[in-house]
Every structure is written in structure tokens, then in C-alpha cells.
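What follows is a set of notes on a single structure, which appears directly below.
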Amino acid sequence: MEEKKTITRKEFLANSSKIALGAVVGVAGINLLTGNKAFAETKEIQAWPYPWATLDPVIVRQNAHALYWNGQDCASGVFGALVQALDTAIGAPWTGFPIEVMLFGRGGGVSWGSLCGTLNGGAALISLVVDKTNSVALINELWGWYTTENLPSTAGNSAMYVDHPEIGVLPQNVAGSPLCHPSVSQWCFASSFTVTSNERKERCGRIAGDIAAKTVEILNAYFASTFVATFTDPAGNATCMGCHSTNVMTHMTCATCHTQTGYPHTAVAELGGSPSGFEIENAYPNPFFNSTKINFSVPTSSKIRLEIYDMKGQLVNSLIDSEVMNTGVYEYEWNGTNNSGNEVAGGIYFARLTSGNFMKTVKINFAK
Numbered sequence: 001m002e003e004k005k006t007i008t009r010k011e012f013l014a015n016s017s018k019i020a021l022g023a024v025v026g027v028a029g030i031n032l033l034t035g036n037k038a039f040a041e042t043k044e045i046q047a048w049p050y051p052w053a054t055l056d057p058v059i060v061r062q063n064a065h066a067l068y069w070n071g072q073d074c075a076s077g078v079f080g081a082l083v084q085a086l087d088t089a090i091g092a093p094w095t096g097f098p099i100e101v102m103l104f105g106r107g108g109g110v111s112w113g114s115l116c117g118t119l120n121g122g123a124a125l126i127s128l129v130v131d132k133t134n135s136v137a138l139i140n141e142l143w144g145w146y147t148t149e150n151l152p153s154t155a156g157n158s159a160m161y162v163d164h165p166e167i168g169v170l171p172q173n174v175a176g177s178p179l180c181h182p183s184v185s186q187w188c189f190a191s192s193f194t195v196t197s198n199e200r201k202e203r204c205g206r207i208a209g210d211i212a213a214k215t216v217e218i219l220n221a222y223f224a225s226t227f228v229a230t231f232t233d234p235a236g237n238a239t240c241m242g243c244h245s246t247n248v249m250t251h252m253t254c255a256t257c258h259t260q261t262g263y264p265h266t267a268v269a270e271l272g273g274s275p276s277g278f279e280i281e282n283a284y285p286n287p288f289f290n291s292t293k294i295n296f297s298v299p300t301s302s303k304i305r306l307e308i309y310d311m312k313g314q315l316v317n318s319l320i321d322s323e324v325m326n327t328g329v330y331e332y333e334w335n336g337t338n339n340s341g342n343e344v345a346g347g348i349y350f351a352r353l354t355s356g357n358f359m360k361t362v363k364i365n366f367a368k
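Have a look at this one:
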């Protein structure tokens, strides 16, 4: 029977060191005999943040749209357009970068409808080229722009694309949320196109171009030391915490999704009544200096859009963006601001109420 031998911790460590040294000598001996290196040659690794070069947003827009329609979808389309442009401008470390790493972002995360894939792609690129602290303001600006801008943008609608050039100018709307599911569903409601239609897909392709171009604009300005943040949180955020409590970190409004569950837009007052048809009344006071009230009637539970346009027909503010409202008479108080919360210039504006086939416009004079 073999006799067991007890060794001390000191002896164990000493023997282990001899074994490790023998292994190293053995590998070295093999290298000397074969003339080969035992391990693959160590490659120089690019330090983070990665380098940036000034890019052309027009070119990046076109490439993002093309990538979207050719297998990369929204997140990887935006990310890939930026990576490929940087590869052309700089080369390594952008050469061969696997843009497919962002494919998960499509459809708000493999069709979960969460964060819009275009924003995922843009934020990922920003995070690659800008340090953690400074990237916050840039990503906030990108995501805030998406939630308050009329998209697809006019530039996106007028660009010349290789894929699906037969689709003309598409309807625009303000998403109001960075989430994929309300953004897409609200646009489908406003445009009357289905979620499976080529028009809806093209809408997302054009927004991929919009976000890629906006990311370029933001990063070009940042590296030129000219970036100035313009996005501010919607005023309604402070009163839209019923489902979260105040112990939460967020920059987006809840009103896009939660208007049916007790969290209506704070600027709307319900006056009661049972109107027989849709109607929008003349604003009062009119002209106005600080704010004016717009009364409108809803005969049955419906999705409502109340928007302000300028004399050129450009959307100024989506006061109510395709929100479901119950039967009643409502009053909206507009304070003369645009979608970004900035006060507009004095002049003539138009308030338009839309629901289904109903549309009516009234004139408003902002005597600033």
C-alpha cells in the first residue's frame, strides 16, 4: 500500500514554481528547435476612444439607407454607414470592423419594440469615438432630436436613393418617444400605411439616413469644438410619473403611450359635454401675446392630432400627436412654442385638428 506523504504549503508553492519554470523552458526549447514562435504575434490594439475624421453627412445618409435595404436593417445600417465612412477616411482601426455586431438592434431589439435601432446604432458609434463623460450630451442631443423632429426629414424625403426610388415623399410625424413601437405605430396611424408595407419600411430606411447624418453633424461639431446642445426635457415629464414614482431616471415623455391610462397631456383641459361631431373653434384670445386657448370637440373615442403650422405650411408644434381621447369638449392652451420648447417668432399660424377623415384649420395671430 502506497504511503501518503504530507507536504507543507511552502513545499507545495516551491514545487509549483519548478513545474511552471519547466513548462516555460520546454516551450522555449521547442521554439529554438522549430524556429517558430510558440504564440501568435501580438498585434497592437487601438486605444479607446477610436479616432474620428470629419465626414460628409450626405454620403453617410445615402449609405445608411442602402445598408438598411441590403440586409443590415436600421441599427447596423446606421452604425455600418459611419464605420465604412471612417474606414475610407482613416483606415485602421475601422478596416474590417464587423458592423453586424449591431444587428440585434433591429425592430427595437430583434422586434421587441424598445429603443429604435437607428438610435442604438448612432449611440454605439458615438460611444466608440468619445469618452464616457462627454458622450452623454451628444447621445442626449441625438435621441432628443429624434423625439422632437418631423421625420422622415425634408432632406430625407428629397434625397435620391438607389433602393426603392419609386416611393415618393412620405408623410412626416413627430415620434415623441425614442421607442420603436410607438414611433412606428403613430406614423402608421398618421400615414394610413400598414406596418408591413414598403412605405413603412422605406420610412424607417429614410430615418436611418436621417440619424446617420445627424450623428455625423453632432460629431463633426464636437470635434471642431462647436457643438452646442439644444435638446431640453419636455415640460410634461415632471407630471408624468404616476406609473414610475419620482424615483426614476428618464428624459422621455410618457404621454406617447400612456394617454389612455390616466396620464393625459398636462396642457389639455376636459370641459365635458357630448358633442355630435368633430369641431375646432377659433382660438381665444386672438391675437394673443402669452398664450391662447384652442377648444375642440370629440364625438366618440378617437385618435386626435392637434398641430400648429406656420405660413409656409411647415409643422411648428405637435400639440397632440395621435393620442386617443374620449368623447367630450377639450381646451388646449398653446404658449407660442415649437416642438423643442422654444418660443416662435410673432406672426400668423394655423391650428389644425385631424381625426380619421376629419380635418379643419383655424388661423391664430401671435402678436409677439
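The opening position of the sequence shown corresponds to residue 1 in our numbering, with each subsequent residue numbered one higher. Note that CB positions come from ideal geometry on N, CA and C, so glycine has one too. Bear in mind that the values here come from a model prediction, so they are computed numbers and not experimental data.
*Under three-state DSSP, which class holds T215?*
Three-state result, T215: helix.
*What is the DSSP secondary structure of G156, reduced to helix, strand or coil?*
In the structure shown, G156 sits in a helix (DSSP, three-state: H, G or I).
*Three-state class that DSSP yields for E141 in the structure shown*: The DSSP-derived three-state label of E141 is helix.
_Please confirm whether S276 has its beta-carbon closer than 8 Å to some beta-carbon of chain D._
The chain inventory of the structure shown lacks chain D, comprising one protein chain alone.
*Specify the secondary structure class of V298 as computed by DSSP and reduced to three states.*
Looking at V298 - three-state DSSP - the assignment turns out to be strand.
_Quick check on the DSSP output: what are the complete alpha helix (DSSP H) runs of length 4 or more inside the segment 78–106, in order along the chain?_
Counting only runs of 4 or more, we get nothing.
_Sequence ranges, beta strand (DSSP E) only - wholly within the segment 311–342, length at least 3_ = List check, beta strand (DSSP E) in window: 315–325 and 328–334.
*In terms of alpha-carbon separation, which member of M102, A208 and S318 lies closest to Q186?*
Of the listed residues, the one whose Cα sits closest to Q186 is S318.
*Which first and last residues belong to the beta strand (DSSP E) in which L119 is found?*
Here L119 belongs to no beta strand (DSSP E); instead the alpha helix (DSSP H) covers G117 to V129.
*Do three or more CB pairs link the segment 305–320 to the segment 285–293 at distances below 8 Å?*
Fewer than three pairs of CB atoms, one per stretch, sit closer than 8 Å, so the segment 305–320 makes no contact with the segment 285–293.
*asked:* Can you look up V268 in the DSSP assignment and give me helix, strand or coil?
replied: Assignment of V268 by DSSP, reduced to helix, strand and coil, places it in the strand class.
*Leaving out the 5 sequence neighbours to the left and right, which residues in its chain are closer than 6 Å to N120 when beta-carbon positions are compared?*
Closer than 6 Å at the Cβ level, and outside the excluded window around N120, lie A75 and G105.
_Residue environment, Q314, which counts as buried when at least 16 other CB atoms sit within 10 Å_ = Only exposed fits Q314, as fewer than 16 other CB atoms lie within 10 angstroms of its CB.
*Compute the Euclidean distance between the alpha carbons of R200 and T354, then round it to the nearest angstrom.*
Taking the Cα positions, R200 is about 21 Å away from T354.
*Could you tell me whether the Cβ atoms of V406 and K303 are closer together than 8 Å?*
As shown, the chain starts at 1 and ends at 368. That puts residue 406 outside it, with no answer to give.
_Residue environment, G168, which counts as buried when at least 16 other CB atoms sit within 10 Å_ = Of the other Cβ atoms in all chains shown, fewer than 16 fall within 10 Å of the Cβ of G168; this residue is therefore exposed.
*In three-state DSSP terms, what is G108?*
When DSSP states are grouped into helix, strand and coil, G108 belongs to the coil group.
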